[in-house]
Structures are given as C-alpha cells and as structure tokens.
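J.: Sequential numbering from 2 applies to the first sequence in the working numbering. Virtual Cβ for every residue (Gly too), placed ideally from N, Cα, C. The structure under discussion is supplied below as structure tokens; questions concerning it will follow.
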Amino acid sequence: MPELPEVETIRRQLAPVVEGRELCELRVLDPRWCDPAAPSEVADAVRGRAAEALSRRGKYLDLELEGEVHLVMHLRMTGNLLYRAEPGEERPHTRAVLSLGDGGELAFCDVRRFGTGIVLLGDAARDGYFAERLGVEPLGPGFTAEALRAQAEGRTAPVKAFLLSQKRIAGVGNIYADEALFRARIHPLRPVGALNADQIAALRDAVVASLEAGIDARGATIDDFRHSDGAKGSFQDRFLVHRREGEPCPECGTAIAKLRAAGRGTYVCPSCQPPPRLKRRAGPPARRPGRPRAAP
DNA sequence: AGGTCGGCCTGGCAGC
DNA sequence: TGCTGCCAGGCCGACC
2 MPELPEVETI RRQLAPVVEG RELCELRVLD PRWCDPAAPS EVADAVRGRA AEALSRRGKY
62 LDLELEGEVH LVMHLRMTGN LLYRAEPGEE RPHTRAVLSL GDGGELAFCD VRRFGTGIVL
122 LGDAARDGYF AERLGVEPLG PGFTAEALRA QAEGRTAPVK AFLLSQKRIA GVGNIYADEA
182 LFRARIHPLR PVGALNADQI AALRDAVVAS LEAGIDARGA TIDDFRHSDG AKGSFQDRFL
242 VHRREGEPCP ECGTAIAKLR AAGRGTYVCP SCQPPPRLKR RAGPPARRPG RPRAAP
C-alpha cells in the first residue's frame, strides 16, 4: 500500500524524468479516475504545459505545471505510476496515461480503481485543497513532540486511529503506524490523550524513524506497489511487527499478535506494548491493589 | 464535534 | 474442481 515512503520513493524517481518536460497529452481511460471532472476537461487543462516540479504532500503527488496548474494524484491502495521511455502496449489496469515531450510516458495503473487525479488551478487552490485534508508533514520541521502533544491533548481516540488520521499527521498509513507504535512501545488501543510526555516524545521519534527507514528501503511492496520502473521495494522484509503474526518479536521473542484497531489489521508485541487496562465491568468489587495474592 | 463505520473496488484465497 | 464469500485498506461521507 503506498504510504508516505512509497509515494516519496516514486517522487524521487520521477522528478528528474518529468521536470522540465512538456506534458503533451493526458489520456484518461477510466473516467472514475478524475470524477467528478470530465476526462476532456482535465486533459484540456494540462495539455502542452511544461512540468516544473513533482512534489509530495502526505500521500499525494503534485505535478506542478507552468501557469500554476496542478495535477494532484493519489495512489490510494493499489495505484502505481510507471514510467517508460517509449510508448508500448497498454499495461493492465491503466487508468490514465501522460505523454511527455521527450516521447516518454507515465502510466497510472490501479487494479482497484481507488486512485484519483484532479486538476487544481492556482497555487492557492492547491494549498487550500491540502490544508482542508492534511495535517502536519511528519518529516517536516513542524512535527515536534510539542506539536504532537497539542494535537493529542484531550482526545480519547485510540492512538492508532489518531496516527491514521491524515488531518492530524499526513502520510502515515497502516504499515508505518504499526511500526512506529512498536518502536515507541505503545499499544495501539491506548487513548492518545492519556499518553504521557515521554511517550509522546517517543512516538514522535518513532514515526520519523519508521518513515525514514521505509524511504531508505525504497518503500515496501506487499501486493503490487512498484517503483516507477517496475522494481519492488524492500521494506516489507524489514517490518518489525507488521504482517508478522506468530513470529518472534525482534526485541523480546514473544510471538507477535494480530488484533483490530481503527478497523485495520494491527500487529503488536503483547510484551513490549502492554495493552491498556480493561474497563472494569459492573459486578463483584475488584481486589484492592498492592495486596499480594495467595501463592498458586 | 469527536469518533466510528460502511462504501468504494477487485484479486486472491479459504472453505465447502 | 468450481463456486461463494470474505479479506485487504485510504479516504470520504454518513451516522452516533
């Protein structure tokens, strides 16, 4: 699943390929891709413009064209942006094709058809689009322990749901949320507002470390994420807990457990990430704390 | 208003 | 073997 490190990997590979090139034509093969805009509308907006930059915000790619025209794309679950120097046979599940001025082309391929491309006219429109959807950029200077604490304060949502909320932190998805929580030794179901200052600081550092490790490995390929040249990432081989149910914890050897948090498959070390206290149900009074139990 | 959940979509696979 | 049905999940909108 493309999360921040996967999108950043694509961006780094494609930026030198597209920057400075003219965008000759955009063929939208699946109208859903740019819904609700019409394919012809999107194609007309970008045709003939030079690409000035390929940037990233959260999990979004922003192809910045001359005249402040932005083609903003999201890969969602199964999207890929694949480059080839010469046009060839259409790849399966191609939703849109960008033809570049040097004869190369960029294919947006997406099995599950969740991926999107929209055109935004003007830098202000682009800024507004991101501002109303995305919170702090986790690899940017604004992502400090203090900023995280301010966001978390008073919230009762499980910390994993909090990490997945793009309006809080932009770019963290299911993989890197699990990895960061393990590194910070925090259970995903802990209410984020109940974390102490040390835990918040550890979480901030763990999010950054996990994302940077993902970028270093050029992303993770679980199902069908590919680099722009079709190669696979390698971070899936370096997961500490994600998708490792039953395998030993790299820290303590306890078997990794799988649970559900925020509606997502979630992996934890039950020993390194102690679960929050269960809410006591009405019934017989609980044993007083501190009193030693009878020996078994 | 914060939090949770279903819909979107398709390939892969478990189970009968 | 072949079919059914469930699972995966980023994001949005509906609902509590």
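Where does Ser41 land, buried or exposed, given buried means 16+ other C-beta within 10 angstroms?
T.: Exposed is the call here.
J.: Are the beta-carbon atoms of Asp63 and His75 separated by less than 8 Å?
T.: no
J.: Alpha carbon to alpha carbon, how far is Arg265 from Pro37?
T.: 29 Å
J.: Take the Cβ of Cys250 as the centre, count every other Cβ of all protein chains shown within 10 Å, and call the residue buried at 16 or more, exposed below.
T.: Sixteen is the threshold: when 16 or more other Cβ atoms of the shown chains lie within 10 Å of the Cβ of Cys250, as they do, the residue is buried.
J.: Quick check on Arg278: buried or exposed, where buried means 16 or more other Cβ atoms within 10 Å of its Cβ?
T.: exposed
J.: Assuming Leu165 and Ala44 make a contact with CB atoms under 8 Å, what is their CB distance in whole Å?
T.: At roughly 34 Å, the Cβ-Cβ gap does not stay under 8 Å, so Leu165 and Ala44 are not in contact.
J.: Ignore the nearest five residues each way along the sequence and tell me which others in Ile216's own chain have a CB closer than 6 Å to its CB.
T.: Pro6, Glu9
J.: Can you name the residues that DSSP bridges to Leu101?
T.: Paired residue(s): Leu24.
J.: Mapping the DSSP letters down to three states, classify Val173 as helix, strand or coil.
T.: coil
J.: Fully enclosed by the segment 46-72, which beta strand (DSSP E) runs are 3 residues long or longer?
T.: 50-58, 61-66
J.: Measuring CB to CB, does Cys35 end up less than 8 Å from Ile170?
T.: no
J.: Taking 8 Å as the cut-off, does the segment 195-212 touch the segment 173-187 (at least 3 CB pairs, one atom from each stretch)?
T.: yes
J.: Rounded to whole angstroms, what is the Cα-Cα separation between Glu67 and Glu20?
T.: 11 Å
J.: Between the Cα of Gln77 and those of Leu149, Arg58, Gly116, spot the shortest distance and give me the residue it belongs to.
T.: The displayed chain sequence assigns Arg, not Gln, to residue 77. With distances taken between Cα atoms, Arg77 lies closest to Gly116.
J.: So Lys259 is in the beta strand (DSSP E); what residue range does that whole segment cover?
T.: 258-262
J.: Pull up the distance between the alpha-carbon of Pro297 and that of Gly136, whole angstroms please.
T.: At Pro297, the pLDDT of 34 sits below 50, so the modelled position is not reliable; the number obtained from the coordinates is stated separately. Rounded to the nearest angstrom, the two C-alpha atoms are 52 Å apart.
J.: Could you check if Leu107 is buried or exposed, using at least 16 other CB atoms within 10 Å of its CB as the buried criterion?
T.: Leu107 counts as buried, since no fewer than 16 other beta carbons sit within 10 angstroms of its beta carbon.
J.: Please report the straight-line C-alpha distance between Arg134 and Pro3, rounded to a whole angstrom.
T.: Straight-line Cα distance between these residues: approximately 18 Å.
J.: Can you tell me the Cα-Cα spacing of Gln14 and Ala185, whole angstroms?
T.: 31 Å
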